[in-house]
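Asks: Counted from 1, the sequence shown has number 361 at position 84 by my numbering; the numbering is strictly sequential. My questions all concern the structure below.
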Amino acid sequence: MQTIDKVLSTRNLTEACLEVVKNKGAGGIDGMSVKQLKAYLDLNREALVNQIHQGDYIPSPIRGKEIPKRNGKKRLLGIPTAIDRMLQQAVSREIMPQYEYMFSVYSYGFRGHGICSFT
278 MQTIDKVLST RNLTEACLEV VKNKGAGGID GMSVKQLKAY LDLNREALVN
328 QIHQGDYIPS PIRGKEIPKR NGKKRLLGIP TAIDRMLQQA VSREIMPQYE
378 YMFSVYSYGF RGHGICSFT
């Protein structure tokens with residue numbers, strides 16, 4: 278089975294969806310709340326999987342939200358749609374176990390930057 282098939286398996290997408298719902302968070306630019314995600318997936322799973330397999334899926338733009346910092350300034354937070362978060366989670370659930378063993382217990386801050394430690 279190819280990696281994309283594992284990522285898009287019913288079980289993996291469902292578990293990724295449940296993780297996004299559990300993590301809560303604001304809705305993206307499409308206005309869909311994470312509470313609506315499971316119902317969306319149940320109705321649109323086949324079409325979504327087909328779009329991805331055919332290379333037709335295009336992630337939505339990120340919604341920008343300014344949040345206050347301690348120093349009184351603000352920083353811009355990027356909020357993906359619930360669907361895109363679910364797909365990111367589905368990829369992560371499949372890919373991370375293949376590489377996690379390579380990371381040092383001290384390299385947690387570098388994982389998002391492609392740097393790893395082989396200790």
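We put the CB at the ideal spot given by N, CA and C, even for glycine.
(1) What is the C-beta distance between I306 and R340, in whole angstroms, given that I count them as a contact (C-beta under 8 Å)?
(2) From which residue to which residue does the beta strand (DSSP E) around R347 run?
(3) Can you tell me the Cβ-Cβ gap for M363 and L314, rounded? I've got them flagged as a contact below 8 Å.
(4) Have a look at L285 and R352 and give me their C-alpha separation to the nearest angstrom.
(5) Pull up the distance between the alpha-carbon of L290 and that of K350, whole angstroms please.
(6) Are E371 and K301 touching if we call contact CB-CB under 7 Å?
(7) Can you tell me the Cβ-Cβ gap for V311 and A359, rounded? I've got them flagged as a contact below 8 Å.
(8) For K299, does the three-state DSSP call read helix, strand or coil?
(9) Going by other Cβ atoms of all chains shown within 10 Å of its Cβ, with 16 needed for buried, is A293 buried or exposed?
Replies: According to the structure data:
(1) Yes, they are in contact, since the Cβ atoms of I306 and R340 sit about 4 Å apart, within 8 Å.
(2) It is not in any beta strand (DSSP E) - R347 carries neither H nor E in the DSSP assignment.
(3) Confirmed, Cβ separation roughly 6 Å.
(4) For L285 and R352, the gap between their C-alpha atoms comes out near 34 Å.
(5) Taking the straight line from one Cα to the other gives about 38 Å.
(6) No; because the gap between Cβ atoms is not below 7 Å, this pair is not in contact.
(7) Contact holds; Cβ gap of about 5 Å.
(8) In the structure shown, K299 sits in a helix (DSSP, three-state: H, G or I).
(9) By the neighbour-count rule (16 or more Cβ atoms within 10 Å), A293 is buried.
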